[in-house]
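**Student:** Sequential numbering from -9 applies to the sequence shown in our numbering.
All C-beta atoms in this analysis are idealised placements derived from N, C-alpha and C, irrespective of residue type, glycine included.
Here you go, one structure.
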Amino acid sequence: MKKTVFFFSCYLLCVAAFAQTSSPRHSIIPEPVKIAHNQGTFTLPENIVIEAPNLPALATTITLLKDRLTIPTGYKASVTTNAATAPIRLVINKTANAEIGKEGYQLTVGKDAVVISANEPGGLYYGVQSLLQLLPSEIESKAVATGVKWEIPAVEVTDYPRFGWRGLMFDVSRHFFTKQEVKDFIDNMARYKFNLLHWHLTDDEGWRIEIKSLPNLTKKGAWRTDKSGYFGTFSAPLPNEPLNYGGFYTQDDIKEVVQYAKERFVNILPEVDVPGHSLAAIVSYPELACTPGAENYRVRSGEKIMDWHGNGTFTALVDNSLCPASEKVYTFLDKVFTEVAALFPFEYIHVGGDECAKNFWEKSADVKTLMKKEGLKDMHEVQGYFEKRVGKIISSKGKKLIGWDEILEGGVAADAAVMSWRGEKGGIEAAKLKHEVVMSPTTFVYLDYMQGDPILEPRVYATLRLNKAYQFDPVPAGVDPKYIKGGQGNIWTEQIPNVRHLEYMIWPRAFAVSESVWSPREKKNWKNFTQKVEQQFKRYDVLEMKYATSMFEPIFTPKNKAGKLEIELATEVDDIDIYYSFDNSFPDRFYPKYNKPMEAPKDAVMLRVVTYRGKEQLGRVISMPVEELKKRAKIS
Ligand code: ACM
């Protein structure tokens, strides 16, 4: 008997161990705080009754749930406030549950009922998002999907966020995205429990927000010449080139988007990037620059306007910085921020502050006079003077200031919040100075960087693979977490010309960011995560949403072994096979399988690789010239 119990226990342990290492039992991203799996399933009835309180703040949540449960299933759903026996119930707790806080929820799926409870409507929205992720991927379908078992596994979930600031920054200046595309962006981010859209509305390449008291900003500043190729290297603008690319959001558009976001529990942080990155404003109102002749400038179409010296320093080739010595600039900014503050209910306004070129300031007699008058000893202090003046304007509008970490360099008001982007350094320093901090370091969350091998990806100046993004922890070692408000991924769009490529760049890396800002640190698990990502990809296939398959594609590590090339291949996910060819033909799973570092045959010119799991091709074929590998390994 004892022996039987012993063997049975071993069997259970083995089953449990297997369950741990085989596919995860759910595909919810971000990973919930607690999830317990029970026996059985809930089967969606053909006549679905949803009980929910009649609150305006819940209307969108209920519509989302109803649409998803009816459109792909062909079932019917009704909503009632008064049916304790309804199989699907959304409940606002009468007595607040302290564990789950403002944004948390509890979700119980049993054989006969699904109950989501929360202290506030936002929690119910997140509970619904988790519930939808427990359903088969066809739940995302825009038409009736047949042959699907509409079942939900029995679970008990208790979930709440690690951080209150869970953001994605969206640059709509470098390339313009329509109001509808911004709304879609909000829907997509809210699905993964992001709650903050940082809307980068102005830059050298376009001013995108209507300011009624300054009409040139959108009459002139929103338009540039449409060019294709590698943004940043386009030919210099000619006076006769058409200004045929651009756009802006009217104030009515902005109000509509703010309301749309609010219904999905997303705040919008508007950014007006000053004093650098201001060419579009200067083209609109040339008197904002210190430099004479700015009336001949054009909104940047992607030509080179900065010299980057490779050590973090740079000089501007045209004066794209507002003049800190001009009172006209502060009058201008007062007008801008008066209207921005009235449009956006969020408590912060982002004032930029990054990459402000100072070489034109250095030449300006007005700046020299200002320095003497104010006792400013260098250009950092000049920017510090500017930031303090801007800070006063922002607080006069009843808002708080946040800026990129450069705002620390010349001194900034004690109540300014800092967004750390040049690695974690700025955030660490700001937290030590007791500023509130949002972490968005290039090292982990710059989602405009390439995510796979540069031989395959549209060229950007740096690479950030999914597994590196997954290592993001908004609280750097040694920092008091009470100063860290949260984190966000940044999507700059110089090299993102359209919405399909935008999707490709965001997903799946934003999944990684969402787990870093929502899930407890100890709940993050790379292997589980990648398996869930694969499940999410199935949903995206149904949605016809684009995503990058880079995590399946080989990583090349060429080595110089005493002058000979040795090629090591790996992938971000394990349990997949790499097949290759050196004979110029396209490999599939009937080709040689990679199993150890190898040399290229003597005259080979091209290594082609592809990955499979069983019979299924996972990533794209990569064609890598042997010469390129030699170059990378520094073999001449
Ligand atoms: C930045 O990436 N320039 C904030």
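For tyrosine 287, name the three-state secondary structure that DSSP assigns.
**Tutor:** Translated into the one-based positions of the sequence shown, residue 287 becomes position 297. Coil.
**Student:** Is it right to say glutamate 606 is buried, meaning 16 or more other beta carbons lie within 10 angstroms of its own, or is it exposed?
**Tutor:** Locating residue 606 in the sequence shown gives position 616, where the first residue counts as 1. Under this definition glutamate 606 is an exposed residue.
**Student:** Can you name, in chain order, every residue of its own chain whose Cβ lies under 6 Å from the Cβ of glycine 91, other than the five neighbours on each side?
**Tutor:** Position 101 of the sequence shown, counted from the first residue, corresponds to residue 91. Counting only Cβ-Cβ distances below 6 Å, and skipping sequence neighbours, we find Tyr150.
**Student:** So glutamine 526 and phenylalanine 501 are supposed to be a Cβ contact under 8 Å. How far apart are they, rounded?
**Tutor:** Reading the sequence shown from its first residue, position 536 is the one you call residue 526. Reading the sequence shown from its first residue, position 511 is the one you call residue 501. The pair is a contact, with the Cβ atoms about 6 Å apart (cut-off 8 Å).
**Student:** Is it buried or exposed, arginine 290, if we count other Cβ atoms within 10 angstroms and call 16 or more buried?
**Tutor:** Counted from its first residue, the sequence shown places residue 290 at position 300. With at least 16 other beta carbons inside 10 angstroms of its own, arginine 290 counts as buried.
**Student:** Report whether the distance from the Cβ of tryptophan 411 to the nearest heavy atom of the ligand ACM is below 7 Å.
**Tutor:** By 1-based counting over the sequence shown, the position of residue 411 is 421. At least one heavy atom of the ligand ACM lies less than 7 Å from the C-beta of tryptophan 411.
**Student:** Can you tell me whether isoleucine 639 is buried or exposed? The criterion is at least 16 other CB atoms within 10 Å of its CB, across all chains shown.
**Tutor:** Nothing can be reported for residue 639, as the shown portion of the chain is limited to -9 through 626.
**Student:** By the three-class DSSP mapping on this structure, what secondary structure does isoleucine 474 have?
**Tutor:** Within the sequence shown, the letter at position 484 stands for residue 474. Three-state result, isoleucine 474: strand.
**Student:** Starting from proline 111, trace the alpha helix (DSSP H) both ways and give me its first and last residue.
**Tutor:** As a first step, residue 111 is located in the sequence shown; it is residue number 121 there, counting from the start. Residues 111 to 124.
**Student:** Run the CB neighbour count on aspartate 165, radius 10 Å, all protein chains shown included, and call it buried at 16 or more, exposed below.
**Tutor:** Residue 165 sits at position 175 when you count from the first residue of the sequence shown. A small correction: the amino acid at residue 165 is histidine; aspartate does not occupy that position in the sequence shown. Classification of histidine 165: buried, given that the 10 Å Cβ count is 16 or more.
**Student:** Using a C-beta cutoff of 8 Å, does alanine 251 count as contacting chain C?
**Tutor:** This model lacks chain C altogether, as it is built from one protein chain only.
**Student:** Mind checking which residues open and close the alpha helix (DSSP H) that includes threonine 359?
**Tutor:** Translated into the one-based positions of the sequence shown, residue 359 becomes position 369. 355 to 364 is the span of the alpha helix (DSSP H), which, as asked, contains threonine 359.
**Student:** Let me check understanding here. Comparing Cα to Cα, which of Ile40, Glu399, Asn286, Ser274 lies closest to valine 319?
**Tutor:** Here residue 319 refers to the residue found at position 329 when the sequence shown is read from its first residue. Of Ile40, Glu399, Asn286, Ser274, the residue nearest in Cα terms is Ser274.
**Student:** Across the segment 198 to 218 and the segment 170 to 185, are there enough close Cβ pairs to call them in contact, namely three or more that are closer than 8 Å?
**Tutor:** no
**Student:** So what's threonine 11 in DSSP terms, helix, strand or just coil?
**Tutor:** In the sequence shown, the residue the question calls residue 11 occupies position 21. Confidence at threonine 11 is low in this model, with a pLDDT of 41, below 50, so its placement is unreliable and no value can be given for it.
**Student:** Taking the DSSP output, what are the residues bridged to valine 599?
**Tutor:** Along the sequence shown, read from residue 1 onward, the residue named residue 599 stands at position 609. Answer is Tyr570, Ile612.
**Student:** Taking the straight line between their C-alpha atoms, what separation do you get for arginine 529 and glutamate 141?
**Tutor:** Against the sequence shown, residue 529 aligns to sequence position 539. Against the sequence shown, residue 141 aligns to sequence position 151. About 16 Å.
**Student:** In this structure, how does DSSP classify proline 544 when only helix, strand and coil are distinguished?
**Tutor:** In the sequence shown, counting from the first residue as 1, residue 544 sits at position 554. DSSP places proline 544 in coil when its eight states are reduced to three.
**Student:** Looking at aspartate 193 and the ligand ACM, is the gap between the Cβ and the nearest heavy atom below 7 Å?
**Tutor:** In the sequence shown, the residue the question calls residue 193 occupies position 203. False, no ligand heavy atom lies under 7 Å from that Cβ.
**Student:** Among residues of its own chain, excluding the 5 on either side of glutamate 505, which ones have a beta-carbon nearer than 6 Å to its beta-carbon?
**Tutor:** On the sequence shown, position 515 is the one that residue 505 refers to. Here the set comprises Pro20, Glu21, Lys514.
**Student:** Classify isoleucine 244: buried if its beta carbon has 16 or more other beta carbons within 10 angstroms, exposed otherwise.
**Tutor:** On the sequence shown, residue 244 is found 254 positions in, with the first residue counted as 1. The residue in question, isoleucine 244, is buried, as its Cβ has 16 or more Cβ neighbours within 10 Å.
**Student:** List the DSSP bridge partners of isoleucine 397.
**Tutor:** Here residue 397 refers to the residue found at position 407 when the sequence shown is read from its first residue. Its beta-bridge partners do not exist; DSSP assigns none.
**Student:** Can you check which of these residues, Pro62, Pro471, Pro466, Ala459, is closest to valine 503 by C-alpha distance?
**Tutor:** In the sequence shown, counting from the first residue as 1, residue 503 sits at position 513. For valine 503, the nearest C-alpha among the options comes from Ala459.
**Student:** Report yes or no: do three or more beta-carbon pairs, one from the segment 176 to 189 and one from the segment 244 to 258, lie closer than 8 Å?
**Tutor:** yes
**Student:** For phenylalanine 224 and threonine 215, what's the separation of their Cα atoms in angstroms?
**Tutor:** Working through the sequence shown from its first residue, we reach residue 224 at position 234. Working through the sequence shown from its first residue, we reach residue 215 at position 225. About 10 Å.
**Student:** Taking all protein chains shown into account, do 16 or more other C-beta atoms lie within 10 angstroms of the C-beta of alanine 315, making it buried, or fewer, making it exposed?
**Tutor:** Locating residue 315 in the sequence shown gives position 325, where the first residue counts as 1. With 16 or more other Cβ atoms within 10 Å, it is buried.
**Student:** Kindly give me the distance between the Cβ atoms of threonine 53 and leucine 114, rounded to whole angstroms, as I take these residues to be in contact under 8 Å.
**Tutor:** Against the sequence shown, residue 53 aligns to sequence position 63. Against the sequence shown, residue 114 aligns to sequence position 124. About 13 Å; that fails the 8 Å criterion.
**Student:** Judging by CA-CA distance, which residue of Pro14, Leu360, Gly479, Arg511 is the nearest neighbour of histidine 27?
**Tutor:** The count along the sequence shown starts at 1 and reaches residue 27 at position 37. Answer by Cα proximity: Pro14.
**Student:** Looking at C-beta atoms only, is the number of pairs between the segment 427 to 439 and the segment 471 to 482 that lie closer than 8 Å three or more?
**Tutor:** yes
**Student:** Taking the beta carbon of valine 5 as the centre, do at least 16 other beta carbons fall within 10 Å, making it buried, or is it exposed?
**Tutor:** The residue given as residue 5 occupies position 15 in the sequence shown. In this prediction, valine 5 has a pLDDT of 40, which is less than 50 and means its spatial position is unreliable; what the coordinates show is noted afterwards. With a threshold of 16 other beta carbon atoms within 10 Å, valine 5 falls short and is exposed.
**Student:** Between the Cα of glutamate 558 and those of Thr85, Phe576, Val616, spot the shortest distance and give me the residue it belongs to.
**Tutor:** Locating residue 558 in the sequence shown gives position 568, counting from the first residue. Taking only the C-alpha atoms, the option nearest glutamate 558 is Val616.
**Student:** For methionine 535, I'd like the list of residues in its chain whose CB is within less than 6 Å of its CB, leaving aside the five on either flank, ordered along the chain.
**Tutor:** On the sequence shown, position 545 is the one that residue 535 refers to. For methionine 535, where only same-chain residues beyond five positions count, the Cβ hits under 6 Å are Glu493.
**Student:** Residues in the same chain with beta-carbon distance under 7 Å from arginine 622, minus the five sequence neighbours each way, listed in chain order, please.
**Tutor:** On the sequence shown, residue 622 is found 632 positions in, with the first residue counted as 1. So the list reads Pro548, once near-sequence residues are dropped.
**Student:** As a quick exercise: from Leu269, Ile496, Glu146, pick the residue whose alpha carbon is nearest that of alanine 284.
**Tutor:** Taking the sequence shown and counting its residues from 1, the one referred to as residue 284 is at position 294. Residue Leu269 is the option with its Cα nearest to alanine 284.
**Student:** Run through DSSP, which three-state label would glycine 416 get?
**Tutor:** As a first step, residue 416 must be located in the sequence shown, where it is residue number 426. Note: glycine 416 maps to helix in three-state DSSP.
**Student:** With a threshold of 7 Å (Cβ to nearest heavy atom), would aspartate 344 be considered close to the ligand ACM?
**Tutor:** Counting from 1 along the sequence shown, the entry for residue 344 is found at position 354. True, at least one ligand heavy atom lies under 7 Å from that Cβ.
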